[in-house]
Each structure stands twice: as C-alpha cells, then as structure tokens.
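*Asks:*
Number of protein chains: 2
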Amino acid sequence: MSHTLGIRQAQKQKTRQAFLDAALALLEEQSLSSLGLREVTRAVGVAPTAFYRHFRSTADLGVALVDEALGSLHPMVRTTVSTTGDSEERIWRAIELIARHVDAYPAHVRFIARERHGGVQPVREAIRAQLVRFAEEVKTELAKDPEAAGWSDDDLLMLAHLYVDQMLITASLFLEALEAPAEERERVTQLATRQLRLITIGRGHWLD
Amino acid sequence: MSHTLGIRQAQKQKTRQAFLDAALALLEEQSLSSLGLREVTRAVGVAPTAFYRHFRSTADLGVALVDEALGSLHPMVRTTVSTTGDSEERIWRAIELIARHVDAYPAHVRFIARERHGGVQPVREAIRAQLVRFAEEVKTELAKDPEAAGWSDDDLLMLAHLYVDQMLITASLFLEALEAPAEERERVTQLATRQLRLITIGRGHWLD
DNA sequence: AATTCCAGAGAACAGTTGTTAACTGATGAC
DNA sequence: GTCATCAGTTAACAACTGTTCTCTGGAATT
Chain A
7 MSHTLGIRQA QKQKTRQAFL DAALALLEEQ SLSSLGLREV TRAVGVAPTA
57 FYRHFRSTAD LGVALVDEAL GSLHPMVRTT VSTTGDSEER IWRAIELIAR
107 HVDAYPAHVR FIARERHGGV QPVREAIRAQ LVRFAEEVKT ELAKDPEAAG
157 WSDDDLLMLA HLYVDQMLIT ASLFLEALEA PAEERERVTQ LATRQLRLIT
207 IGRGHWLD
Chain B
7 MSHTLGIRQA QKQKTRQAFL DAALALLEEQ SLSSLGLREV TRAVGVAPTA
57 FYRHFRSTAD LGVALVDEAL GSLHPMVRTT VSTTGDSEER IWRAIELIAR
107 HVDAYPAHVR FIARERHGGV QPVREAIRAQ LVRFAEEVKT ELAKDPEAAG
157 WSDDDLLMLA HLYVDQMLIT ASLFLEALEA PAEERERVTQ LATRQLRLIT
207 IGRGHWLD
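Here the protein sequences line up with chains A and B, keeping their order.
Heads up, the working numbering is the position in the first sequence plus 6, with the first residue counted as 1.
Heads up, the working numbering is the position in the second sequence plus 6, with the first residue counted as 1.
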C-alpha cells in the first residue's frame, strides 16, 4: 500500500523536518513573530533561499509546527478522559499523562502555550481550530459516561472546554517546573489534582 | 501633600506615557519579542536615542506595561469576588465586570494574555508575580465568606488560582469576540457563566 | 542515453536594526 | 543672573533582515 518515497522526496522531507526542529529549538527563548527566516536556515546549515522550497514564510512554518505539536495529541486525549476506573483514579491518570507529555515534548508544549495568544494570526487560528477539535472529542468521550445522563449538548461542550483549558494550564505549570526540584513538581501535581477534583465534584452535582 | 512636578519631569513622564501607548498599539499585531526600539520611537515621533532616556530595552518597557496593565486591576479584584449577594448574582456580576474591562482596555488584556507565556523572560516573570498577588488577594477575600469555613489555606489558594485562571480565559474569549456580533458575545457570556457556576458548585460540595 | 525537473547554492539588493558618541537648548538650582 | 543638569537630536557604525534572480548538479522521467 505505502509507496516508498524517491530519494529526492525523502531528502526534501528530511530537510523540512530539520527546519521544524531548528525552529522549535530557537523558539525556546523568543516568539514566532520575531523568528527570522535567515536565523532558521543558519541553524539548519543551508542557504537562506532554501527556506522558500518548504515554506512561504515563518508564519507558514508556524502553522506546520501546530500540526506537529497538536496533531499527534488526539489519540492521547481519548485515553485522558477514558471512562475506566473511579473518578479519583481517572484524575490521577490524567495528570500523570500530562506530566509525562511535558517531559517528552517540552518544546511542543511551550510553543503551543506561547503562540496560542501570540502575535501571528494564522498560527493562533490553527491552534484555536485544533483546540476546538479537542473539546469536541472530549465531549463525545464524556457523553459515553453514565454520569452524563441528562446533560444537554451545550453543557457537555462547556465542560469539555473547561477540561481542555485546565489541561493546558496544568501542562504550562509542569513546563515551568521542568528544571525545578522534584518537590516543586510534586506541588504542581497536588495543585492540579485538587483543581481537577473540584471540577469533577461540580460535574457530579451539576444536575441538582 | 502631592508635589507639583517640575516642567521637566512632567514633560518626561508625558513622553514616557507616549512610549507605553505607542508600544501597546504596535503590540496589537505582534509579540513583544519582535518589537523594535526604532519602531516605537518612530511611532512616537521622536529620535531613536530618546528611547534610552526612559528604558534600557524593549523588555524593560514590557515590564512597565505589565505594571500599567495589571497594577490598576487590584482594586477591581476585590469587587469581583466580593461576598454580597447570592452566588448566582455574584457570578453574573463577575462576568459583567470582566466584559466591561475588556471593552475598556482591550490592548491591556491582549498584552497580558500574549506575554504571559511570551518570549521575554523578565516580562513573563513580572506577569507571574502579579498573578500570584491576585490569587493571594482573591484567597483572603474568599476566606471572608462563611462558605470557606473548614477550608485549609492550601485549598483556598488552589481555588483562588482556579478563579484567576478562569478570569483570564474568559477575558481572552471576550477579547476574541470584541468585533464579533452581539450574538457571539452573548454565547461567550453564557459559556463563562456556566463554567463559573460549575466551579461554584464544586466549591459548595468540596468538604463532603 | 538524452532530457526535464527541482532542492539547494550563491550573490546582490535596498532597507532595517541596536548602540555609540558628541551636540543643543530649555529647565532647575544657587 | 550664572552655571549645571539632562531630555531629546543628529550622525554614523557594523550587522542584520526578507526577497529577487541566476546558476548547478543530481534525481526522475522518457
């Protein structure tokens, strides 16, 4: 089924990935709106003009980064809000999953948190669209739970957005605590756990 | 009590304010990390070197903007979570207050949302410090409520941070809906109201 | 084997950037 | 009234930016 790419296309994708990686590294200490095209090509080790073979602009590269950073996250979302286990167990599992994701892809998390409200409109729009998709997936997952009986579609989506935003806040907190001592990371875990617990309690009494 | 500033100091403060205003306007469509010193002086109508009479760098200017944008917000916070009225009324009042603030100071709100996770470390740090102060104020305000009886200090602070983050999320949503039809703004109001209501419910059953 | 394609290189462009130094002239202190 | 202060100016600097056009050499197609 899968067609082996020609040498040419393979090399091109390799260079493209090098652009994405270099950009992500450079964005650790600046925003996308100040990322220069020459800066990226210099980091990759190619001529400035090579950039145009892959992207129209740095904004275009940013949109590609959004896909890389969030596209692979969709499968994980289903696991995060899966319905197995009691609520306390589910909360702990969700937080743990977030913490591990931040450990594994800190640059991705930083990029999304930074550019969600950043200075480049197309990138903001791309992130927004993906987060809306996330919320919709969370919503359908929530709907499967017996606890969701009697909930309106609007209320389910409202709760889903609350979960997604809370997920991002928590991820950002873990990111800030990345190089901090384990004690600080534990503090974040405790905070996030209790916030999620409070939301879960509110969810349980929503229909009262 | 107040000393009338000399002509010199008055003029200097006037120019300084012009810098802040011009920067805030320029930051509507870019991030601070890409804001150039010359760009700002050009907008103000002054020589590039005049910049150094007021700020060491654009990062320094950013920190000043944080103070302007968040410093004046502290009195408002107390009103937002004040204990008068029933909970439904308090929720409505808080959302209304946020909506009005976004209408009055959209550029300030945009700046804070953008630079909270932005590419300039000192500015991020300044915002973080102010938000921690906010959370502490909210916490002492929450502690006054009879509903807070039996709550630990940690739990109160946890809830306070939840409120502060939720406040920022809501403000950001109103900002995106600024130029949208009234229908969209109403949708945001409904969403924010119900999210805050769910948190309030969770708060009410926290000690169960 | 001959030909087309195309990722990347090279050079040059006008325009921008932050920062330095030495200046001007009104204001403030005495 | 004299002199020091200091907000803002002017000129110049090397370094950098995005974008254009032309070229090259190996892969793909025929």
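Glycine included, every Cβ here is placed at the ideal spot set by N, Cα and C.
1. Which value, in whole angstroms, describes the spacing of the CA atoms of B:Phe140 and B:Ile101?
2. Give a yes or no on whether 8 Å exceeds the smallest Cβ distance from A:Gly124 to chain B.
3. Under the assumption that B:Gly125 contacts A:Ser40 (Cβ atoms under 8 Å), give the Cβ distance between them as a whole number of angstroms.
4. If you run the structure through DSSP and keep just helix, strand and coil, what is B:Tyr169?
5. Quick one: list the residues of chain A neighbouring B:Gln36, beta-carbon separation under 7 Å, in chain order.
6. At a cut-off of 7 Å, is B:Phe117 close to the ligand COA when judged by its beta-carbon and the heavy atoms of the ligand?
7. What did DSSP end up calling A:Thr90 once you bin it into helix, strand or coil?
8. Let me know the alpha helix (DSSP H) ranges lying completely inside the stretch 123-195 of chain B, each 4 residues or longer, listed in chain order.
9. Comparing C-alpha positions only, which one of A:Leu38, A:Gln23 and A:Leu67 sits nearest to A:Val50?
10. How about B:Gly68: is its C-beta nearer than 8 Å to some C-beta of chain A?
11. Please report whether the beta-carbon of A:Asp159 lies at a distance below 8 Å from any beta-carbon of chain B.
12. In chain A, which residues lie with their C-beta within 7 Å of the C-beta of B:Asp27?
13. Can you tell me which of the three DSSP states B:Arg48 falls into?
14. According to the Cβ coordinates, are B:Ile207 and A:Trp212 closer than 8 Å?
15. B:Phe117 lies in the alpha helix (DSSP H); which residues open and close that run?
16. With 8 Å set as the bound, which would you pick, yes or no: does the beta-carbon of A:Leu165 sit closer than that to a beta-carbon of chain B?
17. If you pair each beta-carbon of the stretch 31-48 of chain A with each one of the stretch 109-129 of chain A, do three or more pairs fall below 8 Å?
18. Report the option in A:Ala183, A:Ala132 and A:Arg116 whose CA atom is closest to the CA atom of A:Ala31.
19. Of the residues that make up the stretch 105-134 of chain B, which ones have a beta carbon closer than 7 Å to any beta carbon in chain A?
20. Is the distance from the Cβ of A:Leu148 to the Cβ of A:Ala154 below 8 Å?
21. Using a Cβ-Cβ distance cut-off of 8 Å, determine whether B:Trp98 contacts chain A.
22. Ignore the nearest five residues each way along the sequence and tell me which others in B:Arg122's own chain have a CB closer than 6 Å to its CB.
23. Name, please, each residue of chain A whose Cβ falls closer than 7 Å to the Cβ of B:Ser178.
24. Would you call A:Arg59 buried or exposed, if buried means 16 or more other Cβ atoms sit within 10 Å of its Cβ?
25. When you compare the CB of B:Asp171 with every CB in chain A, is at least one pair closer than 8 Å?
26. For the stretch 179-206 of chain A, which residues have a beta carbon sitting closer than 7 Å to at least one beta carbon of chain B?
27. Do you know how far the Cα of A:Pro54 is from the Cα of B:Thr176?
28. May I ask you to report which of helix, strand or coil DSSP gives B:Arg22?
*Replies:* Quick answer:
1. Within the second sequence, residue 140 of chain B is the residue found at index 134, counting from 1. Within the second sequence, residue 101 of chain B is the residue found at index 95, counting from 1. In a straight line, the C-alpha of B:Phe140 is about 17 Å away from that of B:Ile101.
2. Taking the first sequence and counting its residues from 1, the one referred to as residue 124 of chain A is at position 118. When Cβ-Cβ separations below 8 Å define contact, A:Gly124 makes contact with chain B.
3. Residue 125 of chain B sits at position 119 when you count from the first residue of the second sequence. Residue 40 of chain A sits at position 34 when you count from the first residue of the first sequence. In this structure B:Gly125 touches A:Ser40 by the C-beta definition: roughly 7 Å separates them, less than 8 Å.
4. Residue numbering aside, residue 169 of chain B sits at position 163 when the second sequence is read from its first letter. The DSSP-derived three-state label of B:Tyr169 is helix.
5. Sequence index remark: in the second sequence, residue 36 of chain B carries index 30 (1-based). Neighbours of B:Gln36 on chain A, chain order: Ser39 and Gly125.
6. The ligand COA is absent from the structure shown, which contains no ligands of any kind.
7. Residue mapping note: residue 90 of chain A aligns to position 84 of the first sequence, counting from 1. DSSP places A:Thr90 in coil when its eight states are reduced to three.
8. The alpha helix (DSSP H) runs of length 4 or more contained entirely in the stretch 123-195 of chain B are, from start to end of the chain, 127-150 and 159-182.
9. The residue given as residue 50 of chain A occupies position 44 in the first sequence. Taking only the C-alpha atoms, the option nearest A:Val50 is A:Gln23.
10. As a first step, residue 68 of chain B must be located in the second sequence, where it is residue number 62. Taking a beta-carbon distance threshold of 8 Å, B:Gly68 does not count as an interface residue toward chain A.
11. Along the first sequence, one-based indexing puts residue 159 of chain A at 153. Not an interface residue.
12. In the second sequence, residue 27 of chain B corresponds to position 21, counting from 1. For B:Asp27, there are no neighbours in chain A by C-beta distance under 7 Å, as the nearest C-beta there is about 18 Å away.
13. Working through the second sequence from its first residue, we reach residue 48 of chain B at position 42. When secondary structure is reduced to three states using DSSP, B:Arg48 falls in the helix class.
14. Residue mapping note: residue 207 of chain B aligns to position 201 of the second sequence, counting from 1. Residue mapping note: residue 212 of chain A aligns to position 206 of the first sequence, counting from 1. Going by C-beta atoms, B:Ile207 is nearer than 8 Å to A:Trp212.
15. Residue mapping note: residue 117 of chain B aligns to position 111 of the second sequence, counting from 1. Pro112 to Glu121 is the extent of the alpha helix (DSSP H) around B:Phe117.
16. For the purposes of this step, residue 165 of chain A is identified with residue 159 of the first sequence, where counting begins at 1. Chain B, which has a Cβ nearer than 8 Å to the Cβ of A:Leu165, makes this yes.
17. Because the criterion of three Cβ pairs below 8 Å is met, the stretch 31-48 of chain A and the stretch 109-129 of chain A touch.
18. In the first sequence, counting from the first residue as 1, residue 31 of chain A sits at position 25. When A:Ala183, A:Ala132 and A:Arg116 are compared, the shortest CA-CA separation from A:Ala31 is found for A:Arg116.
19. If you check each beta-carbon in the stretch 105-134 of chain B against every beta-carbon of chain A, the ones closer than 7 Å belong to Ala119, Arg120, His123, Gly124 and Gly125.
20. One-based indexing of the first sequence puts residue 148 of chain A at position 142. One-based indexing of the first sequence puts residue 154 of chain A at position 148. With contacts defined by Cβ atoms closer than 8 Å, A:Leu148 and A:Ala154 form a contacting pair.
21. Looking up residue 98 of chain B in the second sequence gives position 92. Output row for B:Trp98: interface = no.
22. In the second sequence, counting from the first residue as 1, residue 122 of chain B sits at position 116. The beta carbon of B:Arg122 is closer than 6 Å to those of Ile133 in its chain, skipping five residues each way along the sequence.
23. Along the second sequence, read from residue 1 onward, the residue named residue 178 of chain B stands at position 172. Within chain A, the C-beta atoms nearer than 7 Å to that of B:Ser178 come from His123, in chain order.
24. By 1-based counting over the first sequence, the position of residue 59 of chain A is 53. The residue is exposed, with fewer than 16 neighbouring Cβ atoms inside 10 Å.
25. Taking the first residue of the second sequence as position 1, residue 171 of chain B is located at position 165. Closer than 8 Å to some Cβ of chain A, the Cβ of B:Asp171 qualifies, so yes.
26. Answer set for the stretch 179-206 of chain A: Leu197, Arg200, Gln201, Leu204 and Ile205.
27. For the purposes of this step, residue 176 of chain B is taken as the residue at position 170 of the second sequence. For the purposes of this step, residue 54 of chain A is taken as the residue at position 48 of the first sequence. About 41 Å.
28. The residue given as residue 22 of chain B occupies position 16 in the second sequence. Reduced to three states, the DSSP call for B:Arg22 is helix.
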